[in-house]
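Down below is the structure, laid out as structure tokens.
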Amino acid sequence: MAFRIASSRMTRRPLLAAMAIAPFAGALARAPIASAQDPIVVTMVTDTAGLGDQNFNDLAKRGLDQAVDELGVQGEVIESRDASSYIPNLTQAAEQSDLAVGVGFLLTEAITEVANQYPDKSFLLIDSLSEAPNVQGVLFREQEGAFLSGVLAGLMTESNQLGVVAGQKIPPVVRYAVGFEAGAKSINPDVEVVVAYADTFGDPALGKELTLAQYNQGVDIVFPVAGATGIGSFEAAKELGEGYWVIAADADQSQLGAEHQLAVSEKGVNTALFLAAQQVVDGAFAGGEVSLGLAEEGVGLGFPHESVPQEVLDVVAAYEQAIIDGTITVPADEEELAAFEPVAPDAIGAAVASPVA
Amino acid sequence: MNGSGVPLAAFVTAMLAAGLVAAVPLVLAALGEAVGEKSGLLNLGIEGMMLAGAFFGFLAAFQTGSAVLGVLGGIAAGAVLGLVFAALTVSLRVDQVLVGLAITIFGGGLTAFLYRDIFGGQNPSLNVDAPRIAIPLLSRIPVAGPAMFNQGVLFYLAFALVPAFAFVLARTRFGLQVRAVGEYPFAADAAGVDVTRTRYLAALIAGSMAGLAGAFLAVADLKIFQVGMTVGMGFIALALTMVGGWNPYRILLASVLFGLLRSLGNGLQILGIDVRTEFITMLPYIGIMIALAILAGRTSIPAALGIPYARGRR
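See below:
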């Protein structure tokens, strides 16, 4: 701790001097002696949800921890209590570190402002893009991970009816919903997918209501893509008991009902942070847009329930490979979904597994 | 279109049940609000009181493993805020709108802070029993039976409290006193009614009911706490109190109408009927506005609503 404060003071004082020699800064950072004595500092600034949100912020922290363990960087976290603290927190992060990370779409404007004031520092922004040249904006191809959840759900469903409980109709949510449907229909042509929009990310009671309505309509697997609204889906599954499943989006939510979580359509916020930290360590960091999908292990399907048979996981793995190879291009919006031709398992050389039903 | 293999009756039952469950917290909060407003107290703090009820109900249930203690904890939290409201508005005669809004903001902030402090990093769900009770015979009535007569304890309680509140307000000495201090506190005072005490009791009831409504959400219905989980229900309850003309039966009617329109909107989506989501979310609010327009003028606002009482001052 004492070391960190000392080093941040040192970097703060000769700020103008550092800006003057900015062209040399990259070379200095790459010098092995510099990195050995003065470790690279990565500071993440949370959005108002803070640590413990089981979502973006916790995932980002996991990536930071990985960077600390594997790259030897020094990791710091600043939690934001309210939206007005984004700019001061990001400013502090920029002052004290080599890479400042803004976790979440909500920090877009703040990070652009701070990045313009610290043009020699590197910034990472999750789930959004910034105009500032030294900000790396990471967007995820959620549809690719969701496609695999759709394949899993299409194989596991007994009623051939699947549901999506969505939050607001914004691009990442649509990518999830569309990818899920494309995957389900590829593996199981008989399947029907019902999509219901809650129009909010913060109403678990409405999420429960919508999920119950879908279950009562014959759906047996629900994919909530709705933030806190989706928390209600687990309570709906628990209320109805065995045979009702939830596929969680973004992060593992087994604490809400492990016995009903079929799998998790993961979003690698942690991977994004780790990769950016690695680039800074290697001196290869660049601003601009980064797109993470299955090939970059930025999204994926994880935490399969123990009742999922291996043959099903093998089929999922075959589709994963086909997406990585580019054999399948997963639709990312409703227009592309309408034009999408379902890809049957034999078309990608997967062992033909008959639907479990 | 969807609906393969599921009989219409089962679908209607599910929609009906969802609508009635959605009405429960609204009925509970609005009944309390009706008593408060009848006594002259306009409580805009319901939202904060509901959140406090939800959080402290969740906390109590989590710590003790008992749903009953959880619900009692929620009621107690609402009651405390009800007393704070009374102390500020009745004794200190601070503006009721300001105090109400302050309690709403305070309740939201306090519960968010405490939840993150105590449960941050875990986000647990409750592992308590909130059993369903199927009422013999009645629960076997086709369609409506399973929706209305196979529910949890608080569900029945909410609907049983409607005639109870109607009786207390219309037929008891306390109810008469409440109405008197809400209409013309000077006359009530002159007749020997303790205005301050009556309004304190009314605020206590309003707070307790809002706390109970919150506890229903967190402990019985969802078994989780989420920051800001009431998402404006307190204000809807406020509107329903007015739509219902401070009459418990009409409040019940308005709340059920609201709940059913909400579940009807969900049902349209699930059936795959292509309506814009924004319209579906608007449905219950449009219904309430229409009801308000039809009923406006037929009800009379308690004359002293929102006006602090000071003996000898007019």
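Protein chains in written order, with this note's numbering: chain A, 1 to 357; chain B, 358 to 671. In this text, a Cβ means the ideal position worked out from N, Cα and C, and glycines have one as well.
Which bits of chain B does residue i rub up against, with CB to CB less than 7 Å?
{"i": "A:K169", "result": "T634"}
{"i": "A:A196", "result": "N623, Q626, I627"}
{"i": "A:Q66", "result": "Residues of chain B passing the Cβ test: none, with the nearest at roughly 18 Å."}
{"i": "A:I231", "result": "I581, Q583"}
Secondary structure at residue i, three-state DSSP: helix, strand or coil?
{"i": "A:A18", "result": "In this predicted model, A:A18 has a pLDDT of only 40, less than 50, meaning its place in the structure is not dependable enough to derive any value."}
{"i": "B:R528", "result": "helix"}
{"i": "A:F223", "result": "strand"}
{"i": "B:A371", "result": "helix"}
{"i": "A:S35", "result": "Reliability of the predicted coordinates at A:S35 is poor, the pLDDT of 44 falling under 50, and no value is obtained from them."}
{"i": "B:E404", "result": "helix"}
{"i": "B:M586", "result": "coil"}
{"i": "A:S130", "result": "coil"}
{"i": "A:V73", "result": "coil"}
{"i": "A:V41", "result": "strand"}
{"i": "B:F543", "result": "helix"}
{"i": "A:Q117", "result": "helix"}
{"i": "A:E306", "result": "coil"}
{"i": "A:G349", "result": "coil"}
{"i": "A:N270", "result": "helix"}
{"i": "B:L399", "result": "coil"}
{"i": "A:L171", "result": "Per the sequence shown, the amino acid found at residue 171 of chain A is Pro instead of Leu. A:P171 falls in the helix class under three-state DSSP."}
{"i": "A:A284", "result": "coil"}
Do residue i and residue j have their CB atoms nearer than 8 Å?
{"i": "A:A272", "j": "A:G102", "result": "no"}
{"i": "A:T43", "j": "A:Q96", "result": "yes"}
{"i": "B:T638", "j": "B:G622", "result": "yes"}
{"i": "B:A436", "j": "B:G532", "result": "no"}
{"i": "A:A232", "j": "A:P204", "result": "Per the sequence shown, residue 232 of chain A should be read as Gly rather than Ala. Against a cut-off of 8 Å, the Cβ pair of A:P204 and A:G232 comes out as a contact."}
{"i": "A:V281", "j": "A:V41", "result": "no"}
{"i": "B:A650", "j": "B:R556", "result": "no"}
{"i": "B:A545", "j": "B:V552", "result": "yes"}
{"i": "B:E390", "j": "B:T529", "result": "no"}
{"i": "B:G616", "j": "B:A411", "result": "no"}
{"i": "B:L438", "j": "B:G464", "result": "yes"}
{"i": "B:A487", "j": "B:V381", "result": "no"}
{"i": "A:T108", "j": "A:L90", "result": "no"}
{"i": "B:A386", "j": "B:A611", "result": "no"}
{"i": "A:G257", "j": "A:K238", "result": "yes"}
{"i": "A:G288", "j": "A:Q136", "result": "yes"}
{"i": "B:G589", "j": "B:L618", "result": "no"}
{"i": "B:L609", "j": "B:V392", "result": "no"}
{"i": "A:Y176", "j": "A:S265", "result": "yes"}
{"i": "A:L59", "j": "A:Q278", "result": "no"}
{"i": "B:G430", "j": "B:F413", "result": "yes"}
{"i": "A:S159", "j": "A:G218", "result": "yes"}
{"i": "A:V290", "j": "A:G145", "result": "no"}
{"i": "A:P342", "j": "A:S149", "result": "no"}
In chain B, what lies closer than 8 Å to residue i by C-beta?
{"i": "A:Q255", "result": "Q479, N480, P481, S482"}
{"i": "A:I221", "result": "In chain order: nothing, as chain B lies at least about 15 Å away."}
Any idea which residues DSSP pairs residue i with across the strands?
{"i": "A:Q265", "result": "Residue identity differs from the one stated: residue 265 of chain A is Ser in this sequence, not Gln. Paired residue(s): A:A249, A:L301."}
{"i": "A:F123", "result": "A:A100, A:V135"}
{"i": "A:A166", "result": "A:Y197, A:V225"}
{"i": "B:I490", "result": "B:Q508"}
{"i": "A:L292", "result": "A:F140"}
{"i": "A:I78", "result": "A:V45"}
{"i": "A:E320", "result": "Bridge partners of A:E320: none, in fact."}
{"i": "A:Q161", "result": "A:E192"}
Anything in chain A within Cβ reach of residue i, meaning under 7 Å, just list it in chain order.
{"i": "B:T638", "result": "D199"}
{"i": "B:A375", "result": "E209, L212, A213"}
{"i": "B:L595", "result": "In chain order: nothing, as chain A lies at least about 18 Å away."}
{"i": "B:L574", "result": "A205"}
Which residues in chain A sit within 8 Å of residue i, going by Cβ to Cβ distance?
{"i": "B:D578", "result": "A205, K208, E235"}
{"i": "B:G585", "result": "G202"}
{"i": "B:S620", "result": "E209, A213"}
Which chain B residues sit within Cβ distance under 9 Å of residue i?
{"i": "A:N216", "result": "V363, A367, F368, T370, A371, M372, A374, A375, I627"}
Output, in chain order, the set of chain A residues within a Cβ distance shorter than 9 Å of residue i.
{"i": "B:A379", "result": "A205, L206, E209"}
For residue i and chain E, any beta-carbon pair shorter than 8 Å?
{"i": "A:A228", "result": "Included in the structure are the protein chains A and B, with no chain E among them."}
Quiz item: Would the stretch 233-251 of chain A and the stretch 648-663 of chain B be scored as touching if the rule is three or more Cβ pairs under 8 Å?
Solution: no
Exercise. Could you tell me whether the stretch 151-171 of chain A touches the stretch 219-232 of chain A, using the rule of 3 or more Cβ pairs below 8 Å?
Key: yes
Self-check item: the stretch 76-83 of chain A / the stretch 133-140 of chain A touching (three or more Cβ pairs under 8 Å)
Solution: no
Practice problem: Indicate whether the contact test is met: 3 or more Cβ pairs, each with one atom in the stretch 361-377 of chain B and one in the stretch 593-611 of chain B, closer than 8 Å. | Solution: no
Exercise. Evaluate the contact criterion for the stretch 174-194 of chain A versus the stretch 320-331 of chain A: three or more CB pairs, one atom per stretch, below 8 Å.
Key: yes
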